[in-house]
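Encoded as structure tokens, the structure appears first; notes follow it.
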Amino acid sequence: MRRRSFPILAFLGFSLFSGAVAAQTWPMVIDLNADGTPERINWDGETHKLTINDVDVTPESEVYEIVVQDLVRGDSFVELAATTESMDDSYAIQFLRWNGTGLVALPEIWSFNTHDVRGDGTVVTYEWMGFWQAPKLYRLSADGSALEAVAQEYLAIGQDYNLLSPLEVFADQGLTQSLVTIQPGQVVHFMASSPDQSRFMIRTPQGFVGWISVETVSSTSFQDFVWAG
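Numbered per our numbering, the sequence shown spans residues -4 to 224.
Here it is, written out as structure tokens:
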């Protein structure tokens, strides 16, 4: 299993400043629910035990790591993010909120390899899509009870490949209007994918933006291309 490392956010008084910093030593003293009384939080990575004010509040699910992450800077909560480990590089994230007497867990979300907490109520996770990691956006619901997936018209890619065989590019996503045929030896930039991965938006060496089908994407059409499950 791959070990992951997430930066622990640093706190000065009760205010959060963003950015990766050196990992801090547990226990930590933080006001988790803005009631004016800081909580003493301790995470034992060896026994996988979480305590708040010396009370055992370890989640029932198997937890690999606990980190402090603030979903919304300036609101009444600073969250604890509990992550679980799996057989591959994907893992579950569950944000925990302290209500003064116990932890309230938001429904878990999944990510591949890493995730980003922006501090504005949004979280970016990643999903392995065969040859790239697609970012998925979640936004905290209005009542703060869950992170809801935000619909995306396209999934960003951002990778370049050298072409090995002629490739016809179409002007429309339906692949009915031919735009240009790219010759071998040129570099194709993969911009985005349709949500179902049946179509890919690419930029040609000439600067044209068009579409190709998933059937044309393989190791025989692009150099050093590997589609891994």
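C-beta atoms are modelled at their ideal positions from N, C-alpha and C, and glycine is treated no differently.
Cβ distance (whole Å) where residue i is taken to contact residue j below 8 Å
i      : j      : result
Phe185 : Tyr156 : 7 Å
Ser85  : Ser106 : 7 Å
Phe89  : Ala77  : Per the sequence presented here, residue 89 reads as Gln, with Phe not at that position. The Cβ separation is near 5 Å, so the contact holds.
Leu162 : Ile177 : 5 Å
Trp206 : Val164 : 7 Å
Leu132 : Ala187 : Contact flag wrong, Cβ pair sits at about 14 Å.
Alpha carbon of residue i to alpha carbon of residue j, nearest angstrom
i      : j      : result
Gly116 : Leu142 : 9 Å
Gln218 : Ala146 : 32 Å
Asp191 : Glu55  : 35 Å
Val209 : Val67  : 38 Å
Gly69  : Val50  : 27 Å
Met124 : Thr215 : 19 Å
Val16  : Asp30  : Its pLDDT being 29, under 50, Val16 is placed unreliably by the model, and the measurement read from it follows with that caveat. Computed Cα separation, rounded: 26 Å.
Ser189 : Glu148 : 7 Å
Phe126 : Met82  : 19 Å
Thr109 : Leu135 : 19 Å
Thr168 : Ile152 : In the sequence as displayed, the identity of residue 168 is Gln instead of Thr. If you take the alpha carbons of Gln168 and Ile152, they lie about 17 Å apart.
Boundaries of the beta strand (DSSP E) in which residue i is found, first to last residue
i      : result
Ser173 : Ser173 to Ile177
Thr117 : Thr117 to Trp123
Tyr133 : Gln128 to Leu135
Asn157 : Leu150 to Asn157
Glu143 : Leu142 to Ala144
Gly205 : Val204 to Ser208
Phe220 : Per DSSP, Phe220 belongs to no beta strand (DSSP E) and is neither H nor E.
Val183 : Val182 to Ser188
Beta-carbon spacing of residue i, residue j below 8 Å
i      : j      : result
Val52  : Leu98  : yes
Trp93  : Glu34  : yes
Gly95  : Asn28  : yes
Val175 : Gln154 : no
Pro130 : Val112 : no
Val73  : Ile25  : yes
Tyr225 : Thr79  : Absent from the structure is residue 225, since the part of the chain shown begins at -4 and ends at 224.
Short CB-CB distance (under 8 Å) between residue i and chain C
i     : result
Ser56 : In the structure shown, chain C does not exist; there is a single protein chain.
Residue i Cβ short of 7 Å to the ligand GTP heavy atom set
i      : result
Gln154 : As for the ligand GTP, it is missing from this structure, which has no ligand bound.
Review point. Where in the stretch 12 to 96 do unbroken runs of the beta strand (DSSP E), each at least 3 residues long, occur, reported from the N-terminal end onward?
Key: Entirely contained in the stretch 12 to 96, the beta strand (DSSP E) runs reaching 3 residues are, in chain order, 23 to 25, 34 to 39, 44 to 47, 60 to 64, 74 to 78 and 85 to 93.
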